[in-house]
Amino acid sequence: MIYNTFAKRNQIRWYDETRAPDKTIISDALTSTHDIVASKQNLIPYKVYAVGPFNKNINQGLYNVSAYNGVKSNYNLLTAPYQFIYTVRLATGNAKVQSDLSGGHKQPPMDPAIYKTHYTLKNTNIEIGMHATILSGLLIEAGLDVSYTLCFADFNVKKEIWLDNKLDFIEDDVQFLMSAGYADVLKYKNSTEDRPNLAEVLTWV
Numbered sequence: 005m006i007y008n009t010f011a012k013r014n015q016i017r018w019y020d021e022t023r024a025p026d027k028t029i030i031s032d033a034l035t036s037t038h039d040i041v042a043s044k045q046n047l048i049p050y051k052v053y054a055v056g057p058f059n060k061n062i063n064q065g066l067y068n069v070s071a072y073n074g075v076k077s078n079y080n081l082l083t084a085p086y087q088f089i090y091t092v093r094l095a096t097g098n099a100k101v102q103s104d105l106s107g108g109h110k111q112p113p114m115d116p117a118i119y120k121t122h123y124t125l126k127n128t129n130i131e132i133g134m135h136a137t138i139l140s141g142l143l144i145e146a147g148l149d150v151s152y153t154l155c156f157a158d159f160n161v162k163k164e165i166w167l168d169n170k171l172d173f174i175e176d177d178v179q180f181l182m183s184a185g186y187a188d189v190l191k192y193k194n195s196t197e198d199r200p201n202l203a204e205v206l207t208w209v
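Residue numbering for the sequence shown follows my numbering, beginning at 5 and increasing consecutively.
In structure tokens:
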């Protein structure tokens, strides 16, 4: 049941550095996510870099670009065996979309001039969220733990920080980081992040 799956999710800060999930589990989850994720006109205007298992150099680089903003508690970036780096992507479009374009239809994710503007990023980040949610669910069902990171140096503004940390394989603006592995039960403590009252979030009209 999907409720039970996501009820298990916690924001993991420390991962067990002595064991990594089999890469096949990660690969299968990524493939299944791609097969079922929703995307406006199947453009998929984002790219995912899957890192692991245990690439210490990239983990250190991701931690450094996060710590650059003054946040030094994202130890998941140091310790997780797998990292997923989500960036924007200049989409190419399928045959249907290409046909629509020839008829004058506009597709911002396919326009080099605006594919990473605020207007286009709203849709891109919604789709990144859907991909990360499905991927999280599949990994949790496989017995893994996950965590999310949004605190890092702006790739577009501070690209030199990313390059200085040997993350030069990244081609475009980073929007989101996700980590996966097995929680270190000796170091992990549930932060008990209290939710606001439902009435503050939900309004029936």
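Positions of the beta carbon are idealized from the N, C-alpha and C atoms, including for glycine.
When Asp149, Asn201, Asp158 and Ile174 are compared, the shortest CA-CA separation from glycine 185 is found for Asp149.
The residue from Gly108, Gly133 and Tyr72 with its alpha-carbon nearest to that of lysine 163 is Tyr72. Contact check for tyrosine 152 against valine 92 fails: the beta carbons are separated by 9 angstroms or more.
Serine 106: member of the alpha helix (DSSP H) spanning 99 to 106, first to last residue. Aspartate 149: member of the beta strand (DSSP E) spanning 149 to 153, first to last residue.
In the three-state DSSP reduction, valine 69 falls in the helix class (H, G or I). Within the model, the alpha-carbon separation for proline 85 versus threonine 22 is close to 9 angstroms. The C-beta of serine 103 has fewer than 16 other C-beta atoms within 10 Å across all chains shown, which makes the residue exposed. In the DSSP assignment, valine 178 falls within the beta strand (DSSP E) that extends over 178 to 185. Taking a contact to require three or more Cβ pairs closer than 8 angstroms, the region 170 to 186 and the region 196 to 205 do not qualify as touching. Annotated three-state conformation of valine 161 is coil, per DSSP.
Under the three-state reduction of DSSP output, lysine 51 falls in the strand class.
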